[in-house]
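Report on the following structure.
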Amino acid sequence: MALARGFMAEAGRLAAQVRAELGLTPTDPLDPWALAEHLDVPVVPLSIYRERAPGAFSLLLGPEQSAFSGLVATVGRRRVIVHNDSHARTRQRANIGHEIAHILLFHEGKTLEHQWHLSYDADQEDEAK
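In my numbering, the protein residues as written are 190 to 318.
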């Protein structure tokens, strides 16, 4: 899929604005946890669901560890990021950054259609990348 004309320029302006709000230069490393806090978006590790949903927890942090990276959930009117904290810290950074991109771009959240099948808009996924 090709991104919409002008998208990259607009994304660059948004990135510069967010970096300025955080007091970062264009080359400073971006801490996704700090950005989420700045945006007032809780970042929830999947491991907190160990006791609430042991079957799902065992599946997603065991044989299907690579099947789930993260998602943006809407709880009431608030956006929350749930991420797989069993991944390497570098991958967690990328996963959370990707989910924050969905929030900054005002993408609609993912919806659960069937058990373990999350639908998403392919164009929005490309923009978040």
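Beta carbons: idealized from backbone N, C-alpha and C, even for Gly.
Item	Value
Counted within 10 angstroms of its Cβ, other Cβ atoms place I237 as buried (16 or more) or exposed	exposed
Among S275, A262, A283, the one whose alpha carbon lies nearest that of A295	A small correction: the amino acid at residue 295 is Phe; Ala does not occupy that position in the sequence shown. Of S275, A262, A283, the residue nearest in Cα terms is A262.
Which residues DSSP lists as bridging V233, in chain order	V271
Alpha carbon of H291 to alpha carbon of E297, nearest angstrom	8 Å
DSSP three-state assignment for G265, whether helix, strand or coil	coil
Residue burial classification, A225 (beta-carbon count within 10 angstroms, cutoff 16)	buried
Per DSSP, the bridge partner or partners of G259	H272
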